[in-house]
Each structure stands twice: as structure tokens, then as C-alpha cells.
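Asker:
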């Protein structure tokens, strides 16, 4: 039986902004022009760089789920990962990733049904995606299907404590200047652990990254969030028995 999920639609309890909300595909299509200028490396790739279990240069290829504009794929290639196959739900984001040229293949697909070959990736990775999923379990199951024996699944995303404390859904400034939220869901750390274990994964590393000097230097107004974890990264292994 699947483990229960405590996922909550963010706007139901924690939203202090009151922005109009759009679905994921609409939101990222509208954000595509400003996305690269908005998302800070401190949020995701700098956290990936701090992990100790993945030996990036030793990974010959990877599946990049929710690849967006190709930021994660480009970072992986810069670390020595040989080839990266990406999937994303939003055609406009895929166009940017295609122009970037970091991926071996790119396809439009839902993360729960990627149509990528099963059992063939030493690394499956997803970044800044999980808050848009109403249920984590299909993602963890699909990642497990894709991973080869002893392969890794690395997930980095917004920490639920930060989402609750800041009262801030994922959002962007639309072309007309309107601040617009993208459908956001809250998942506790325990929800990730339950979903991963239920899918068959073994947790190999967990990192919670707090707001510190680097964040405050970039966003001085975040001084009030100092010490609150802003990102969480999970490293799962498909252990052989």
C-alpha cells in the first residue's frame, strides 16, 4: 500500500501574497523569458555542488526530469556527466533548453510517464519541480523505473519550512507586470522519505540548506529568514539486494 501523503495545496493555508494562480504549463510558458534572471544558483545547483555521495564525473549519462531551460543539464555537463536526456512539460522551456545545447535528447513529457528507457540511468535528477506536484509518489516511482541497479536519484527543491514561513508560492512577473503564482503544493520532508521508501529507494544523503550570508548578500530583505532552511536535497540509491 502506498504511504499516505500530507501534501497541501499551498494557497489553502500558507499563501500571504494572494497572487492569481495559473497551472504549471501556463506559468512556465509565461516565465520563460525571465526565468534565467530570476532563479538563483544558491537555490539548487550550489546545493547540488555541496553533496558528497554523487561522484558527478563518474556518471556517464543522466535523466533530467523537469529540465526547464537546461540549467541543471548544463551544470551536470560542466561537472563531467557524459550525456543528459531531458524531459519537461512546457514546450517553451524545452525550446530554451534545446538552444542551450546541453542535452543529448529532449522530449515533452509528464514526469510520471517520461517514456525514457527503464533501468538505464546511473543518475536521475530533478530540480525545483516537486512543489508543483500534488503527489510525490508517481515521480519517485518513475525515477526508480528509470534508474539502473545501484543508480542514484537526486532531488533538490524548496524546503517546506521556507514555503510556510515566507508564505510565498512559486511566482513570476508576467509580461503585463502582474505578479502571478504557479500552482504550488507543500510536501513535508517526511513525505519525501515516505514516497522514496515506498518506491524502493534507500536514502543515501539528505541536506537542508539554510538562509545564510550568501543569501542575505543577494537578497538583503531575507535577513528575517536567516537560519531557516530554504532548500532541501535528497540523494537516493537503487540498492541491489
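Residue numbers (full-length UniProt numbering): 1 to 241.
Glycine included, every Cβ here is placed at the ideal spot set by N, Cα and C.
Bear in mind the structure is a predicted one, so any value in this text is a computation, not a measurement.
1) Identify the residues that DSSP records as bridge partners of residue 86: which are they?
2) Reducing DSSP to helix, strand and coil, say where residue 202 ends up.
3) Is the distance from the Cβ of residue 97 to the Cβ of residue 70 below 8 Å?
4) Distance check for residue 218 and residue 29, CA to CA, integer angstroms please.
5) Excluding five sequence neighbours on each side, which residues of the same chain lie with their C-beta closer than 6 Å to the C-beta of residue 3?
6) Under 8 Å between the Cβ atoms of residue 39 and residue 205?
7) Using the Cα positions of residue 215 and residue 228, report the straight-line distance between them to the nearest angstrom.
8) Applying the 10 Å Cβ sphere with the 16-neighbour rule, what's the burial state of residue 202?
9) Kindly indicate which residue of 92, 109 and 73 has the alpha-carbon position closest to the one of residue 101.
10) Between 58, 27 and 15, which lies nearest to residue 178 when the distance is taken from Cα to Cα?
11) As a quick exercise: from 110, 144 and 148, pick the residue whose alpha carbon is nearest that of residue 121.
12) In or out: residue 50 buried (at least 16 other Cβ within 10 Å) or exposed?
13) Under the rule that 16 or more other beta-carbon atoms within 10 Å means buried, what is residue 142, buried or exposed?
14) Less than 7 Å separating the Cβ of residue 80 from some heavy atom of the ligand ADP?
15) Can you tell me whether residue 98 is helix, strand or coil according to DSSP?
16) Give me the Cα-Cα distance between residue 168 and residue 116, rounded to the nearest whole angstrom.
17) Could you tell me which residues DSSP puts in a beta bridge with residue 147?
18) I'd like to confirm the pairing. Which residues does DSSP put opposite residue 21 in its beta bridges?
19) When the Cα atoms are used, what is the spatial distance from residue 223 to residue 240?
Answerer: This is what the structure holds:
1) 64 and 106
2) strand
3) yes
4) 26 Å
5) Interpretation of residue 3 is limited by its pLDDT of 47, a score under 50 that renders its predicted location unreliable; the figure taken from the coordinates is listed afterwards. Once the five neighbours on either side are set aside, the close Cβ partners of residue 3 are 194 and 198.
6) no
7) 11 Å
8) exposed
9) 73
10) 27
11) 148
12) exposed
13) buried
14) Judged by which ligands are present, the structure shown has none, so any question about the ligand ADP falls away.
15) helix
16) 33 Å
17) 121
18) 181
19) 45 Å
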